[in-house]
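Going by the working numbering, the first residue of the sequence shown is number 1190, and it counts up by one from there. Every residue, glycine too, gets a C-beta built ideally from N, C-alpha and C.
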Amino acid sequence: MVTYLKNNIEIIAEAGINHNGNYKKALKLIDIAKAANADYVKFQLFSTENFINKNFSKKKVDYSKICKRFKSLEFTYQEWKKIINYGKNIKIKVLFSVFDLESLKILKKLKIKLIKIPSGEINNYQLLREINK
């Protein structure tokens, strides 16, 4: 007897933080992913305060500048909600890489159940345990 497996390949377009904190650019990235026939478009969701220690000091790296840059890439809950709804309206799913517990709470509130775990968080056991719940 020969059994054939159904081949369901789904394409995820990586938007990441390429919106540069600009809401209209985030929508444009969704449009581009849809035009490319992607099934999903994936953004990064993080709370800068929980992701980067602005008080960390190293001679060659100004972490306060890095913190400021990442903070400029964040959207509010309401903006993310609109971004997700925009994706729904044009029939492409929006998902996220999540970097911290606060962001995971936002995903739950947004009713997003599919989560991409960033490779840098693979040993963040507290986050992994919460995602597993």
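- When the five nearest sequence neighbours on each side are left out, the beta carbons in the same chain lying within less than 6 Å of the beta carbon of Tyr-1229 are those of Ile-1201, Lys-1282, Leu-1284, in order along the chain.
- Setting aside the 5 residues that flank it on each side, Gln-1233 is surrounded in the same chain by Gly-1205, Ile-1206, Ser-1286, each with a C-beta closer than 6 Å to its C-beta; the list follows chain order.
- Lys-1231 sits buried, since 16 or more C-beta atoms from the chains shown fall within 10 Å of its C-beta.
- One thing to note: Ile-1279 has its Cβ within 8 Å of the Cβ of Ile-1219.
- Ranked by Cα distance from Asn-1211, the first of Lys-1298, Lys-1297, Glu-1203, Thr-1265 is Thr-1265.
- Of all alpha-carbon atoms in Ile-1198, Lys-1322, Ser-1308, the one lying nearest the alpha-carbon of Asn-1226 is that of Ile-1198.
- Rounded to the nearest whole angstrom, the C-alpha separation of Asp-1289 and Ile-1255 is 17 Å.
- Counting along the chain, the unbroken alpha helix (DSSP H) around Glu-1319 starts and ends at 1314–1321.
- Residue environment for Ala-1224: exposed (fewer than 16 other C-beta atoms within 10 angstroms of its C-beta).
- Here Ser-1236 is buried: its Cβ has 16 or more other Cβ atoms, across all protein chains shown, within 10 Å.
- When beta bridges are read from the DSSP output, Gln-1267 appears opposite no residue.
- In the DSSP assignment, Lys-1217 falls outside any beta strand (DSSP E) and lies within the alpha helix (DSSP H) extending over 1212–1224.
- Minimum Cα-Cα distance from Ile-1272 among the listed residues Gly-1309, Lys-1257, Pro-1307, Leu-1299 corresponds to Leu-1299.
- In this structure, Glu-1310 and Leu-1293 do not form a Cβ contact; the two beta carbons are roughly 11 Å apart against a cut-off of 8 Å.
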